[in-house]
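All remarks here apply to the structure that follows.
Number of protein chains: 2
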Amino acid sequence: MDKGLIGGSTVLMLLSLLQEKEYYGYEIIKEIEQRSNCIFQFKEGTLYPVLHRMESQGLVKSYKATAETGKERKYYQITVKGKTQLAKEKEQWNAFTISVKKVLGGAGYACP
Amino acid sequence: MDKGLIGGSTVLMLLSLLQEKEYYGYEIIKEIEQRSNCIFQFKEGTLYPVLHRMESQGLVKSYKATAETGKERKYYQITVKGKTQLAKEKEQWNAFTISVKKVLGGAGYACP
DNA sequence: TGACATACTTAGAATATCTAGGTAATATAT
DNA sequence: ATATATTACCTAGATATTCTAAGTATGTCA
Numbered sequence: 001m002d003k004g005l006i007g008g009s010t011v012l013m014l015l016s017l018l019q020e021k022e023y024y025g026y027e028i029i030k031e032i033e034q035r036s037n038c039i040f041q042f043k044e045g046t047l048y049p050v051l052h053r054m055e056s057q058g059l060v061k062s063y064k065a066t067a068e069t070g071k072e073r074k075y076y077q078i079t080v081k082g083k084t085q086l087a088k089e090k091e092q093w094n095a096f097t098i099s100v101k102k103v104l105g106g107a108g109y110a111c112p
Numbered sequence: 001m002d003k004g005l006i007g008g009s010t011v012l013m014l015l016s017l018l019q020e021k022e023y024y025g026y027e028i029i030k031e032i033e034q035r036s037n038c039i040f041q042f043k044e045g046t047l048y049p050v051l052h053r054m055e056s057q058g059l060v061k062s063y064k065a066t067a068e069t070g071k072e073r074k075y076y077q078i079t080v081k082g083k084t085q086l087a088k089e090k091e092q093w094n095a096f097t098i099s100v101k102k103v104l105g106g107a108g109y110a111c112p
């Protein structure tokens, strides 16, 4: 999958997942992989920095916990700010995909 | 409109336009602006380098001509390689948007 | 014991876009 | 006549982002 395409939708997908429940990073990678039928396969080096950035922006918050398996995990939760951002990004996503379709389809209207 | 989103679809949109007919750079900006109802407003500094890159990759070729208005224009035409690439990018675009929908929608299947 | 999956991290390379400026001609409004 | 806006192209450098690649550590299975 082309990297250019993924870029703009990563945060949208992460926020959408985290609105359902809290996830830890590694779990997110696997979940997105499954849901997309392996179309999206995030590398750890790609995803973790994105989560860190989102946390620094206040879109998510995290806490550490040791799982029954003995491994330490960092769980991420969406914040109020994150939910607001999610709504915005969903809107943008819709406007974006509709607009691309229009350009490909050939429709044409004058701009205000 | 978020820059991240646009990135991956720029070449797709350009190739799609150029399959219809030849365009010059400035005309492409206006055409995409109109078709998208002003959702996409490419800056010249953004579009021209993309066209140059596409030409260096052999996806398009160009020639210069002076319009009746007295202004010199650089017209771009899609190449055979560009048409092949267009087909690929269309496929990728579909796979991409479907996958994002799946992630947002919550569907989940095991990967092979 | 060795290989693999889990789980997180970061530094630096590579890539891409945008900002901001430049050039130059014509058209339009004052 | 002059100022401004539109048309039409270009590029250097700042900015941002992603990916590559490596490191750390634990548990499981053959």
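Chains as they are written, first to last, in full-length UniProt numbering: chain A, 1 to 112; chain B, 1 to 112.
We treat Cβ as the ideally placed atom computed from N, Cα and C, and that holds for glycine.
Since this is a predicted model, take the numbers as computed values, not measurements.
When you compare only the Cα positions, how much space is there between residue i and residue j?
{"i": "Ala67/B", "j": "Tyr76/B", "result": "14 Å"}
{"i": "Tyr63/A", "j": "Gly105/A", "result": "47 Å"}
{"i": "Arg53/A", "j": "Arg73/A", "result": "18 Å"}
{"i": "Gly4/B", "j": "Gly4/A", "result": "7 Å"}
{"i": "Glu44/A", "j": "Gln19/A", "result": "21 Å"}
{"i": "Lys88/B", "j": "Thr69/A", "result": "43 Å"}
{"i": "Glu33/A", "j": "Ala65/A", "result": "24 Å"}
{"i": "Ser56/B", "j": "Lys21/A", "result": "47 Å"}
{"i": "Leu86/A", "j": "Trp93/A", "result": "10 Å"}
{"i": "Tyr26/A", "j": "Phe40/B", "result": "35 Å"}
{"i": "Leu51/B", "j": "Lys83/B", "result": "15 Å"}
{"i": "Lys71/A", "j": "Lys61/A", "result": "20 Å"}
{"i": "Phe96/B", "j": "Asn37/B", "result": "23 Å"}
{"i": "Pro49/B", "j": "Glu91/A", "result": "29 Å"}
{"i": "Ser16/B", "j": "Met1/A", "result": "19 Å"}
{"i": "Phe42/A", "j": "Phe42/B", "result": "29 Å"}
{"i": "Arg35/B", "j": "Lys81/B", "result": "25 Å"}
Round the Cβ separation of residue i and residue j to the nearest angstrom and send it over; I've been treating them as touching at under 8 Å.
{"i": "Leu47/B", "j": "Thr79/B", "result": "At roughly 19 Å, the Cβ-Cβ gap does not stay under 8 Å, so Leu47/B and Thr79/B are not in contact."}
{"i": "Tyr24/B", "j": "Glu31/B", "result": "Not quite, the Cβ-Cβ distance comes to about 10 Å (not below 8 Å), so this is no contact."}
{"i": "Leu14/A", "j": "Ile29/A", "result": "In fact, because the Cβ distance is near 11 Å, the residues do not count as touching under 8 Å."}
>> Which runs of the alpha helix (DSSP H) at least 4 residues long sit entirely within the stretch 9-51 of chain A? Give them in chain order.
In response: 10-20 and 25-35
> Which residues, in order along the stretch 15-43 of chain A, keep a beta-carbon less than 8 Å from a beta-carbon of chain B?
Replying inline: Ser16, Leu17, Glu20, Glu31, Ile32, Glu33, Gln34, Arg35, Ser36, Asn37, Cys38, Ile39 and Phe40
> Counting Cβ pairs closer than 8 Å, one from the stretch 94-103 of chain A and one from the stretch 7-21 of chain B, do we hit at least three?
Replying inline: yes
> Taking a cut of 7 Å between CB atoms, which residues from the stretch 85-104 of chain A lie near chain B?
Replying inline: Gln92, Ala95, Phe96, Thr97, Ser99, Val100, Lys102, Val103 and Leu104
> Got a sec: which bits of the stretch 48-62 of chain B sit with their beta carbon under 8 Å from any beta carbon on chain A, in order along the chain?
Replying inline: none
> Considering only residues of the stretch 59-91 of chain B, which uninterrupted beta strand (DSSP E) runs meet the minimum length of 3 residues and lie entirely inside it, listed in chain order?
Replying inline: 60-66 and 72-78
> Going along the chain, which residues of the stretch 1-15 of chain A sit with their C-beta nearer than 9 Å to a C-beta in chain B?
Replying inline: Met1, Asp2, Lys3, Gly4, Leu5, Ile6, Gly7, Gly8, Ser9, Thr10, Val11, Leu12 and Met13
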